[in-house]
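S.K.: Sharing a structure, written as structure tokens. Questions coming.
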Amino acid sequence: MKAPTKETGSEEGSNHEASPAKFPYLPQELITEILLRSHARSLGRFRCVSKPFLSLLSDPKFARNHLQNDAARSGQRILLLSKNYNLFAVEDFNSIGDGSEGTRVLTGVKLDYQEIRNNWVEIVGSSNGLVCICLDGKTLLLYNPTTREPKRVPDLPESLRFKTDKTWFSHGFGFDTVTNDYKVLKFVEGNNNFVYSLRTDSWRRIRNMPYKNVHFNYTVELNGAVNWINILLGGFQEQVMAFDLQTEEFRVMSLPDLTEECDPLYESSALSTLKGRLCVTRSCFMKHDVMWVMSEYGDERSWSKIRISVSYRFMIPVCSTKNDDDVVLLVADWFLVLYNFKCNTWSNLEICGLDLGEALQATTYVESLISPNLYGTKIFKNP
1 MKAPTKETGS EEGSNHEASP AKFPYLPQEL ITEILLRSHA RSLGRFRCVS KPFLSLLSDP
61 KFARNHLQND AARSGQRILL LSKNYNLFAV EDFNSIGDGS EGTRVLTGVK LDYQEIRNNW
121 VEIVGSSNGL VCICLDGKTL LLYNPTTREP KRVPDLPESL RFKTDKTWFS HGFGFDTVTN
181 DYKVLKFVEG NNNFVYSLRT DSWRRIRNMP YKNVHFNYTV ELNGAVNWIN ILLGGFQEQV
241 MAFDLQTEEF RVMSLPDLTE ECDPLYESSA LSTLKGRLCV TRSCFMKHDV MWVMSEYGDE
301 RSWSKIRISV SYRFMIPVCS TKNDDDVVLL VADWFLVLYN FKCNTWSNLE ICGLDLGEAL
361 QATTYVESLI SPNLYGTKIF KNP
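Each residue of the sequence shown is one higher than the one before, starting from 1 at the first, in UniProt numbering.
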């Protein structure tokens, strides 16, 4: 008797068409349009309505069209990592810009996924509703917090493995809009650099890295590239490096003069985005925080300075609220505050289910139906 085998699928390669989700009194086109305008979380509940609904909502083309809809883009959430390495999805933070002064309260939902439990966890990044998570410093996981669907990224194949006693790894994550592919970057001390493609479910070596060693804590996906701050010359010179996800080439962008009024031994930098623009936060211990925003991506002359008047140090922008005047800041890898640039005021953000001071890392993601198993299960072959 022939043993059953797993199906191999791909977004374009499969001949399977999503079966229509039929209703007796409504045209199929209208049903599809209604579903495209619904939030991803609600659609997740519709999967068990019928097999046609399940087929439609599992179709990669429908998921991509839904992501491009305004309703999907409005479903942005904050993903918080606590100090005991639990993940929390923060509900509708777009409402926090409204209301009275004082502490604002939001609801956090714990994402109780088995592989995350009792593990050292780091959020690598998010793109189109997929979140890349690093477990125990090495194992990588692609996870959709909305559908709770995971995919474990395969380890480096034997042909790419290297002998080293080095212990640190740096990772990045982003989406290549040209090839419709999600890519993970892995940098290991000693110029061992690799890129993983979700489309091919395989790793390749990156050979055009301009520097021998790359080590960073925060990456930002912006303008089709993964960006980070690269530290040179014993830690006293910094620059922005970017990896183009389509061409897989590197570029270097100079930072403005960040050393004013502060000894380099007592300052730190972090890269983020502020209202869709590249942002560098410079913290000087016990003095001040300054943000530099690049108004035109890639134009080193377009950096402009914003001074933040908050009685805390080391702040990283997480997201903007719907009125664009308020920005959520992660303070000292500890807790969240809501800062208003116009009024120069701030208030603490309290997350129900998460103790104050328990936030270790924060990022944003959009609610989507994009599957980390977008291209199905594939048999891995060494390059």
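Built from N, CA and C at the ideal position, the CB exists for glycine as well.
So residue 308 and residue 315 are supposed to be a Cβ contact under 8 Å. How far apart are they, rounded?
M.R.: Residue 308 to residue 315, Cβ: 6 Å. Contact.
S.K.: Based on the DSSP output, what are the partners of residue 122 in its beta bridges?
M.R.: According to DSSP, residue 122 bridges with 134.
S.K.: For residue 294, which residues in the same chain have their Cβ closer than 7 Å to its Cβ, ignoring the five residues on either side in sequence?
M.R.: So the list reads 277, 278, 302, 303, once near-sequence residues are dropped.
S.K.: Ends of the alpha helix (DSSP H) at residue 332?
M.R.: Neither: residue 332 is in no alpha helix (DSSP H) and is coded neither H nor E.
S.K.: Apart from the five residues on each side of it in sequence, which residues of its chain come closer than 7 Å, Cβ to Cβ, to residue 86?
M.R.: Around residue 86: 110.
S.K.: List the endpoints of the continuous alpha helix (DSSP H) containing residue 58.
M.R.: No alpha helix (DSSP H) contains residue 58, which DSSP labels as neither H nor E.
S.K.: Along the beta strand (DSSP E) that carries residue 76, what are the first and last residues, could you check?
M.R.: Its beta strand (DSSP E) spans residues 76-82.
S.K.: Apply the 10 Å Cβ neighbour rule to residue 227 and answer buried if 16 or more other Cβ atoms are within range, or exposed otherwise.
M.R.: The residue in question, residue 227, is buried, as its Cβ has 16 or more Cβ neighbours within 10 Å.
S.K.: Using the Cα positions of residue 125 and residue 25, report the straight-line distance between them to the nearest angstrom.
M.R.: Cα to Cα, residue 125 sits roughly 43 Å from residue 25.
S.K.: Quick one: measure Cβ to Cβ for residue 369 and residue 43, integer angstroms, because I've assumed they're closer than 8 Å.
M.R.: Residue 369 to residue 43, Cβ: 6 Å. Contact.
S.K.: How would you call residue 45, buried or exposed, if buried means at least 16 neighbouring beta carbons within 10 angstroms?
M.R.: Under this definition residue 45 is an exposed residue.
S.K.: Of the residues 145, 120, 290, which one's Cα is nearest the Cα of residue 138?
M.R.: Ranking 145, 120, 290 by Cα distance to residue 138 puts 120 first.
S.K.: Taking the alpha-carbon positions, what's the residue 147 to residue 352 distance?
M.R.: Rounded to the nearest angstrom, the two C-alpha atoms are 22 Å apart.
S.K.: So, do the region 333-345 and the region 356-366 have three or more beta carbon pairs nearer to each other than 8 Å?
M.R.: Yes: at least three Cβ pairs fall under 8 Å.
S.K.: How about residue 253 and residue 296: are their beta carbons less than 7 Å apart?
M.R.: No, they are not a contact pair.
S.K.: Using the beta-carbon count (16 or more within 10 Å), is residue 289 buried or exposed?
M.R.: That one is buried.
S.K.: Sort 239, 179, 88 by Cα distance to residue 122 and report the nearest one.
M.R.: The option with the nearest alpha carbon to residue 122 is 88.
S.K.: Decide if residue 404 is buried, meaning its Cβ has at least 16 other Cβ atoms within 10 Å, or exposed.
M.R.: As shown, the chain starts at 1 and ends at 383. That puts residue 404 outside it, with no answer to give.
S.K.: Do you know offhand how far residue 100's Cα is from residue 178's?
M.R.: Model confidence at residue 100 stands at a pLDDT of 47, short of 50, so the residue's coordinates are unreliable and nothing is read from them.
S.K.: In angstroms, rounded to a whole number, what distance separates the CA positions of residue 132 and residue 40?
M.R.: Cα to Cα, the separation comes out at about 19 Å.
S.K.: Report yes or no: is there a C-beta of chain B within less than 7 Å of the C-beta of residue 314?
M.R.: Going by chain labels, chain B is absent from the structure shown, which holds only one protein chain.
S.K.: State yes or no: is the C-beta of residue 194 nearer than 6 Å to some heavy atom of the ligand FMN?
M.R.: The ligand content of the structure shown is nil, which means the ligand FMN is not present either.
S.K.: Is residue 306 helix, strand or coil by DSSP?
M.R.: Residue 306 falls in the strand class under three-state DSSP.
S.K.: Would you list the one or two residues that DSSP bridges to residue 105?
M.R.: DSSP lists 350 as partners of residue 105.
S.K.: Indicate the three-state DSSP secondary structure (helix, strand or coil) for residue 370 in the structure shown.
M.R.: Coil, per DSSP.
S.K.: Roughly how far, in whole angstroms, is the beta-carbon of residue 185 from the beta-carbon of residue 243, given that I think they are within contact range, below 8 Å?
M.R.: Going by Cβ atoms, the distance from residue 185 to residue 243 rounds to 6 Å, so yes, they are a contact pair.
S.K.: What residues in its chain sit with their C-beta under 7 Å from that of residue 365, if we drop five residues either side in the sequence?
M.R.: Closer than 7 Å at Cβ, skipping near neighbours: 77, 79, 126, 129, 131, 145.
S.K.: Here's a check: name, in chain order, each residue in its chain whose Cβ is nearer than 6 Å to the Cβ of residue 151, leaving out the five neighbours to either side.
M.R.: Excluding residues within five positions, the ones whose Cβ falls inside 6 Å are 142, 372, 373.
S.K.: Look at the Cβ atom of residue 153, then the Cβ atom of residue 196, and state whether they are nearer than 7 Å.
M.R.: Yes, they are a contact pair.
S.K.: Does DSSP put residue 246 in a helix, in a strand, or in coil?
M.R.: The answer is coil: DSSP assigns residue 246 none of H, G, I, E or B.
S.K.: Where residue 181 and residue 191 are concerned, what is the direct C-alpha to C-alpha distance, given to the nearest angstrom?
M.R.: So the two alpha carbons sit approximately 24 Å from each other.
S.K.: If contacts are defined as beta-carbon pairs under 8 Å, then residue 349 and residue 328 qualify, I think. What distance do you get, rounded to the angstrom?
M.R.: Right, the Cβ-Cβ distance comes to about 7 Å (below 8 Å), so this counts as a contact.
S.K.: Based on Cα-Cα distance, which residue from 84, 176, 269, 324 lies nearest to residue 341?
M.R.: That would be 324, whose Cα lies nearest to the Cα of residue 341.
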